[in-house]
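2 protein chains.
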Amino acid sequence: MEKYIKILENCPLFEGIDDDSLSRMLVCLGAKIKTYGKKAMIMSEGMASGEVGIMLSGRAQITQTDYYGNRNIFSKVGPYEVFNEAFACAQTKSLPVSIVADEPCCVMFIDCDHILHTCSNNCGFHQQLIYNLMKDLAMKTIRFHEKIEATSKRTTREKLLAYLNICAKKQGNTFSIPFDRQELADYLEVDRSGLSAEISKLRKEGVLTCRKNQFSLL
Amino acid sequence: MEKYIKILENCPLFEGIDDDSLSRMLVCLGAKIKTYGKKAMIMSEGMASGEVGIMLSGRAQITQTDYYGNRNIFSKVGPYEVFNEAFACAQTKSLPVSIVADEPCCVMFIDCDHILHTCSNNCGFHQQLIYNLMKDLAMKTIRFHEKIEATSKRTTREKLLAYLNICAKKQGNTFSIPFDRQELADYLEVDRSGLSAEISKLRKEGVLTCRKNQFSLL
DNA sequence: CCGTTTTCGTTGAAAATTCAACATAAAATA
DNA sequence: TATTTTATGTTGAATTTTCAACGAAAACGG
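Chain order of the listed sequences is A and B.
With my numbering as the guide, the letters of the first sequence map in order to residues -13 to 204.
With my numbering as the guide, the letters of the second sequence map in order to residues -13 to 204.
Following this line, the structure appears as structure tokens:
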């Protein structure tokens, strides 16, 4: 477990907790590590899990697929980020989404109850951990607000521009997005070919330039 | 403040806290009460607020309006429910939504920092309060998942059916929704007239019956 | 109780999306 | 490196949505 401490230092969930405390805390919390290959299911729709996942390395997507085969990407999970925290906290019986590895992933799991209820061992930094989880949950809500802000627009063009503007607000006018074209279409809830056409049009109009997943707003 | 205790007993945010403790806690937290008339702005887009709102009576909507005049309803806030908790927790500088009273509202405000950081007076139930706020934030995330699940569908018909199925899962096959037609359209992010047409069609097909905001799935 | 305002359902035309199919470019793999 | 697979861009037809306009019904207010 020790070798993961360096990684966890970068994780907002453990912010403000020193290495020694973290090391002891992980034992107390019963943290487990699992690894997954590309395209592996980390969690799947319909299951129940009270565990919070922490992405140590790799990247995964939170998706939902309806019976017509339309895939909706709720979000991406990158290194140091947390997932399943809301469903674990709310003790959801049936997970409404699947979590699929985009690439080989290393994930730490912690039972949410162990985070929420301070243990008898009296870990000093437990309050900090709870506070961090709270912030994380708040940020998750804001992320969804952003997705809804983009997808609520009525045309593909407006959805795309709304999304790119949100990215630009965070990263500056040149930025990379965590999606390829199909994934961006699934995130924005539009047709891929229509999205490609719209990107071309915006390029010709001189609104943006792009190379793969690297965009610049002009 | 005392007269609000009976109301707050029903509020999940204060679950597990007895009346006496709650009464003392409210003073300690610096709770304030404000009232609003119909259509009044409780909070407006662009402002910053570190306060959590608790709806004591009345109902409000969380909305966003883009520069083409399209209104998007993120959610409704009814009695005993909490709002602005995510933005307050995350210390957002500029609120991306407005909160508008549907009808006369009575709201309690509490500074989020006072909830997050236990005070020197050592209120016994403060941990419970933090725990409750965490659950609330988790539920908020799940509510957004539900909205996205419905709005991610590609046709008005599918969006409507997805939404009604989510309602039915919670309340049974006959239920009322908190929206009128225009509001439902704004929540589902579709055109009102198209939504009305779709409801008529479903009625003729014998899929559902409805009277105003009361629906039955058959 | 009546007049006014708001909500709701209906319609047809214009605009946009989706869908299917294909060509090309890029990436992965043997 | 050659081959295969995947990703991307392009197009036109079919479907769906949006928009504007209208009448009827319901809710509201005096």
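Each residue gets a CB set at the ideal place from its N, CA and C atoms; glycine is no exception.
Give the residues of chain B in contact with A76/A, contact being defined as C-beta atoms less than 9 Å apart. To locate residue 76/A, count along the first sequence from 1; it is residue 90. The answer, in chain order, is K121, A124, M125, T127, I128.
Quick one: list the residues of chain B neighbouring T137/A, beta-carbon separation under 8 Å, in chain order. Sequence index remark: in the first sequence, residue 137/A carries index 151 (1-based). Those within 8 Å of T137/A in chain B are I134, T137, S138, E175.
Using only CA atoms, which one of Q200/A, S30/A, D52/A, T137/A lies nearest to N159/A? Position 173 of the first sequence, counting from 1, holds the residue named residue 159/A. For the options Q200/A, S30/A, D52/A, T137/A, the alpha carbon positioned closest to that of N159/A is the one of Q200/A.
Going by CA-CA distance only, name the one from L174/B, E169/B, Q113/B, K126/B that's closest to S138/B. As a first step, residue 138/B is located in the second sequence; it is residue number 152 there, counting from the start. Relative to S138/B, the option among L174/B, E169/B, Q113/B, K126/B whose CA is nearest is L174/B.
Would you give the residue range spanned by the beta strand (DSSP E) that K145/A belongs to? Start at 1 with the first residue of the first sequence, and residue 145/A comes out as number 159. Counting along the chain, K145/A falls outside any beta strand (DSSP E), though it belongs to the alpha helix (DSSP H) covering 142 to 157.
Going by DSSP, what residue range makes up the beta strand (DSSP E) through L(-6)/A? Within the first sequence, residue -6/A is the residue found at index 8, counting from 1. Counted as a single uninterrupted DSSP element, the stretch harbouring L(-6)/A is not any beta strand (DSSP E) but the alpha helix (DSSP H) occupying residues -9 to -6.
Helix, strand or coil at I185/B [DSSP, three-state]: Sequence index remark: in the second sequence, residue 185/B carries index 199 (1-based). Note: I185/B maps to helix in three-state DSSP.
Locate the beta strand (DSSP E) running through F161/A, then write down its first and last residues. Position 175 of the first sequence holds residue 161/A. Segment 160 to 162, the beta strand (DSSP E) holding F161/A.
With H, G and I counted as helix, E and B as strand and the rest as coil, what does DSSP make of I96/A? One-based indexing of the first sequence puts residue 96/A at position 110. Strand at I96/A.
Report the rounded CA-to-CA distance for I48/B versus E169/B, giving the unit in angstroms. For this step, residue 48/B is matched to residue 62 along the second sequence. For this step, residue 169/B is matched to residue 183 along the second sequence. Near 11 Å, if we compare the C-alpha coordinates of E169/B and I48/B.
Could you please give the first and the last residue of the uninterrupted beta strand (DSSP E) stretch that includes S84/B? Position 98 of the second sequence, counted from the first residue, corresponds to residue 84/B. Here the beta strand (DSSP E) through S84/B covers 84 to 87.
Could you check where the beta strand (DSSP E) with C196/B kicks off and where it finishes? For the purposes of this step, residue 196/B is taken as residue 210 along the second sequence, with counting starting at 1. Judged by DSSP secondary structure, C196/B falls within the beta strand (DSSP E) whose first and last residues are 194 to 197.
Return the chain-ordered ranges of every beta strand (DSSP E) run that is complete within the stretch 12 to 73 of chain B and spans a minimum of 3 residues. Taking only runs of at least 3 residues, the beta strand (DSSP E) segments lying wholly in the stretch 12 to 73 of chain B are 18 to 22, 27 to 29, 37 to 43, 46 to 51, 57 to 63.
Round the Cβ separation of I40/A and L115/A to the nearest angstrom and send it over; I've been treating them as touching at under 8 Å. On the first sequence, position 54 is the one that residue 40/A refers to. On the first sequence, position 129 is the one that residue 115/A refers to. Not a contact, Cβ separation roughly 12 Å.
Name, in chain order, the residues that DSSP records as bridge partners for L170/A. Locating residue 170/A in the first sequence gives position 184, counting from the first residue. DSSP output for L170/A lists no bridge partner at all.
Throw me the rounded Cβ distance for the I128/B and A46/A pair, which I believe falls under 8 Å. Taking the second sequence and counting its residues from 1, the one referred to as residue 128/B is at position 142. Taking the first sequence and counting its residues from 1, the one referred to as residue 46/A is at position 60. Contact doesn't hold; Cβ gap of about 19 Å is too wide.
Anything in chain A within Cβ reach of Y117/B, meaning under 9 Å, just list it in chain order. Translated into the one-based positions of the second sequence, residue 117/B becomes position 131. Correct list: L102, H103, I116.
Please report whether the beta-carbon of A72/A lies at a distance below 8 Å from any beta-carbon of chain B. Residue 72/A sits at position 86 when you count from the first residue of the first sequence. The beta carbon of A72/A sits closer than 8 Å to some beta carbon of chain B.
With 16 other CB atoms within 10 Å as the buried threshold, where does G44/A fall? Stepping through the first sequence from its first residue, residue 44/A is reached at position 58. G44/A is buried by the Cβ-count criterion.
Which of helix, strand or coil DSSP assigns to C91/B: Sequence index remark: in the second sequence, residue 91/B carries index 105 (1-based). Strand, per DSSP.
Have a look at the DSSP bridge pairing and note the partners of L215/A. The shown model of chain A, from -13 to 204, leaves out residue 215/A, and the question about it has no answer.
Does the stretch 91 to 106 of chain A come close enough to the stretch 61 to 79 of chain A that 3 or more CB-CB pairs lie under 8 Å? Enough Cβ pairs lie closer than 8 Å, so yes.
What does the Cβ neighbour count give for E184/A, buried or exposed, with the cut at 16 atoms within 10 Å? Translated into the one-based positions of the first sequence, residue 184/A becomes position 198. The residue in question, E184/A, is buried, as its Cβ has 16 or more Cβ neighbours within 10 Å.
Taking D177/B as part of the alpha helix (DSSP H), name the residues at either end of that continuous run. Start at 1 with the first residue of the second sequence, and residue 177/B comes out as number 191. Careful: D177/B lies outside any alpha helix (DSSP H) and carries neither H nor E.
If we cut at 8 Å on Cβ distances, does F60/B have a partner in chain A? Walking along the second sequence from the start, residue 60/B turns up at place 74. Look at F60/B: its C-beta is under 8 Å from a C-beta on chain A.
Give the DSSP-derived three-state secondary structure of H131/A in the structure shown. As a first step, residue 131/A is located in the first sequence; it is residue number 145 there, counting from the start. Residue state for H131/A is assigned as helix, using DSSP reduced to three classes.
Relative to the C-alpha of E(-5)/B, which residue among Y66/B, G23/B, Q50/B is closest? The sequence position of residue -5/B within the second sequence is 9, counting from 1. Nearest C-alpha to E(-5)/B: Y66/B.
Pull up the CB-CB distance for L221/A and T142/A, whole angstroms please, since I reckon it's below 8 Å. Residue 221/A is absent from the model: chain A starts at -13 and stops at 204.
Whose CA, out of E132/A, P164/A, A171/A, lies closest to the CA of I152/A? Stepping through the first sequence from its first residue, residue 152/A is reached at position 166. In terms of Cα proximity to I152/A, the closest of E132/A, P164/A, A171/A is E132/A.
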